[in-house]
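Number of protein chains: 2
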Amino acid sequence: MGNNIHPIFDRLLQKSDRERQLNQSAKVLWLTGLSGSGKSTIALHLERKLYNNGYFAQVLDGDNIRSGINKNLSFSADDRIENIRRISEIAKLYLHSGVITINSFISPTRSIRQMAKEIIGPDDFIEVFINTPLEVCEARDVKGLYKKARKGEIKGFTGIDAPYEAPLQADIEIKTKDLTIEESVNLLYEHILSSIKVK
Amino acid sequence: MGNNIHPIFDRLLQKSDRERQLNQSAKVLWLTGLSGSGKSTIALHLERKLYNNGYFAQVLDGDNIRSGINKNLSFSADDRIENIRRISEIAKLYLHSGVITINSFISPTRSIRQMAKEIIGPDDFIEVFINTPLEVCEARDVKGLYKKARKGEIKGFTGIDAPYEAPLQADIEIKTKDLTIEESVNLLYEHILSSIKVK
Chain A
2 MGNNIHPIFD RLLQKSDRER QLNQSAKVLW LTGLSGSGKS TIALHLERKL YNNGYFAQVL
62 DGDNIRSGIN KNLSFSADDR IENIRRISEI AKLYLHSGVI TINSFISPTR SIRQMAKEII
122 GPDDFIEVFI NTPLEVCEAR DVKGLYKKAR KGEIKGFTGI DAPYEAPLQA DIEIKTKDLT
182 IEESVNLLYE HILSSIKVK
Chain B
2 MGNNIHPIFD RLLQKSDRER QLNQSAKVLW LTGLSGSGKS TIALHLERKL YNNGYFAQVL
62 DGDNIRSGIN KNLSFSADDR IENIRRISEI AKLYLHSGVI TINSFISPTR SIRQMAKEII
122 GPDDFIEVFI NTPLEVCEAR DVKGLYKKAR KGEIKGFTGI DAPYEAPLQA DIEIKTKDLT
182 IEESVNLLYE HILSSIKVK
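Those protein sequences? They're chains A and B, same order as listed. For what it's worth, the numbering used here labels the leading residue of the first sequence as 2, then goes sequentially. For what it's worth, the numbering used here labels the leading residue of the second sequence as 2, then goes sequentially.
Here you go:
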């Protein structure tokens with residue numbers, strides 16, 4: 002009998018066992034883009050869509066990371082790197098658990114995203130550029146952060162007084178300006194399907 | 002039609018959705034005990050047994066934590082607390098993903114385990130005391146750490162020159178001295194079954 006039907010007590014669980022159980026290939030989707038670009042909205046709706054289609058995914062974003070494991074980090078240059086380093090290590094843990102993770106973080110520089118890719122492993126890292134023009138993000142200003150940044154009440158705000166380096170070779174670019182949320186999510190879903198489907 | 006058969010695009014995914022998908026109730030098992038007590042061996046075999054029985058679990062231990070997210074921590078008093086804090090936050094993330102996590106860390110003091118319990122939430126925290134006498138752990142000395150601690154080459158080693166505070170009210174105590182690994186694992190498995198089974 003094959004290993005899959007005859008349990009072996011002594012063999013430790015592998016990533017491949019977990020992927021078989023969940024009936025998927027685990028990947029890390031790394032959504033980068035400006036504040037207000039729609040990253041988290043797309044991430045959370047994609048998570049839902051994956052669930053509806055039988056996949057098992059987990060969003061990591063500011064809501065569950067900054068309020069928990071990274072609450073002892075500031076927004077200094079060093080702490081921003083440590084923030085992304087820890088997130089990448091958590092994404093790697095989930096990846097090895099067989100779970101598709103959807104990371105939603107501004108991650109403004111090429112070097113910081115390169116670090117994430119190296120920690121996670123380039124073969125399992127899918128870079129997603131949520132490309133929304135600054136004017137659009139600023140006009141939305143859902144959290145009122147752009148207003149504060151323009152007034153100088155927040156320093157080092159990406160897009161205002163700190164640079165955003167757009168990816169040079171993202172695996173997929175979502176230009177949200179002319180798309181509904183549903184269209185953006187569907188575009189991303191269709192793009193990743195061949196990567197997460199069991200071969 | 003109920004929510005479970007009629008997908009709602011807009012509702013964000015809840016822990017209960019994930020638990021339904023995995024057909025289990027998520028819990029955090031917190032295995033505490035001396036170095037060499039058998040925590041990780043029991044954890045990894047329990048993970049396998051859960052998998053064989055259709056559950057989805059993940060071990061967090063030194064192997065995947067100290068080499069990754071916590072590799073920038075020393076063994077100072079402050080860093081030991083930060084070590085357990087981060088582990089607890091990761092366990093909480095997994096818990097909210099609907100996954101049963103099995104944490105295997107010495108976690109030598111009552112206060113450090115209390116912190117873990119508070120972060121994770123007392124209702125989902127199952128404290129497991131892997132109770133193996135110091136003499137047995139020291140005789141095994143799989144990693145040669147006790148020898149080094151006795152020679153003074155390692156300072157602050159739990160059980161030698163740093164205290165281990167046994168749990169006062171563990172949810173379950175596994176006295177490994179007179180049990181095989183399989184018996185220890187089965188004891189723990191039977192104990193948690195009613196907590197992880199879908200009601």
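Glycine is no exception: its CB is placed at the ideal position from the N, C-alpha and C atoms.
Secondary structure note for A:T42: its alpha helix (DSSP H) is the uninterrupted segment K40 to N53. Among the residues facing chain B, A:G157 is not included, as its CB has no counterpart in that chain under 7 Å away.
A Cβ-Cβ distance of about 11 Å is found for the pair B:G122 and B:K16, leaving them out of contact under the 8 Å criterion.
In the three-state reduction of the DSSP assignment, A:E128 falls in the strand class, which pools E and B.
Going by beta carbons, B:I193 and B:S26 fall outside the 7 Å limit.
Within the same chain, and ignoring the five residues on either side of B:R81 in sequence, no residue has its Cβ closer than 6 Å to its Cβ.
If you draw a straight line from the Cα of B:I131 to the Cα of B:I103, it is about 13 Å long. B:L61 sits in a strand when the DSSP states are folded into three classes. Looking at the DSSP output, A:T159 shares a beta bridge with A:A163. The beta carbons of B:L30 and B:I127 sit closer together than 7 Å.
Here B:R111 is exposed: its Cβ has fewer than 16 other Cβ atoms, across all protein chains shown, within 10 Å.
Taking CB atoms only, A:R49 has a neighbour in chain B less than 7 Å away. Interface criterion met: the Cβ of B:R87 is under 7 Å from a Cβ in chain A. Contact between A:I70 and A:R87 is confirmed by a C-beta separation of about 6 Å, below the 8 Å threshold. B:T177 is a Cβ neighbour of B:T133, given a cutoff of 7 Å.
The three-state secondary structure of B:E83, taken from DSSP, is helix.
Between A:K144 and A:I120, the C-beta gap is not smaller than 7 Å, which leaves the two residues out of contact.
Membership of B:K28 in any alpha helix (DSSP H) is not indicated, and neither H nor E is assigned to it by DSSP.
Under the DSSP assignment, B:S112 falls outside any beta strand (DSSP E), being part of the alpha helix (DSSP H) whose first and last residues are R111 to I121.
Closer than 7 Å to the CB of A:I82 there is not a single CB belonging to chain B. Within the same chain, and ignoring the five residues on either side of B:S105 in sequence, the residues whose Cβ sits closer than 6 Å to its Cβ are L32, K40, S41, A44 and D62.
Chain B places a beta carbon closer than 7 Å to that of A:Y52, counting this residue as a contact. If you draw a straight line from the Cα of B:N53 to the Cα of A:S68, it comes to about 35 Å.
Taking a 10 Å sphere around the C-beta of A:L51, we find 16 or more other C-beta atoms and assign the residue as buried.
Looking at the backbone, the Cα of A:Q22 and that of B:D64 are separated by about 23 Å. Scanning its chain for C-beta atoms nearer than 8 Å, with the 5 sequence neighbours on each side dropped, one finds around B:T159 the residues L35, S36, I107, P109 and Y165, in chain order.
Put simply, the backbone Cα of B:P168 is about 34 Å away from that of A:E83. If you check the CB distance, B:V137 and B:H46 do not come in under 7 Å. A straight line joining the alpha-carbon of A:Y56 with that of A:R114 spans about 26 Å.
Counting along the chain, the unbroken beta strand (DSSP E) around A:K176 starts and ends at I173 to K176.
Taken atom to atom, the span from the alpha-carbon of A:E184 to that of A:V129 is near 15 Å.
Taken atom to atom, the span from the alpha-carbon of A:K148 to that of A:S77 is near 21 Å. Considering only beta carbons, no part of the region 126-148 of chain B lies closer than 7 Å to chain A.
Here the alpha carbon of B:I175 sits roughly 20 Å from the alpha carbon of B:A117. For A:S185, the enclosing alpha helix (DSSP H) starts and ends at I182 to I197. DSSP places B:E139 inside the alpha helix (DSSP H), whose first and last residues are L135 to R141.
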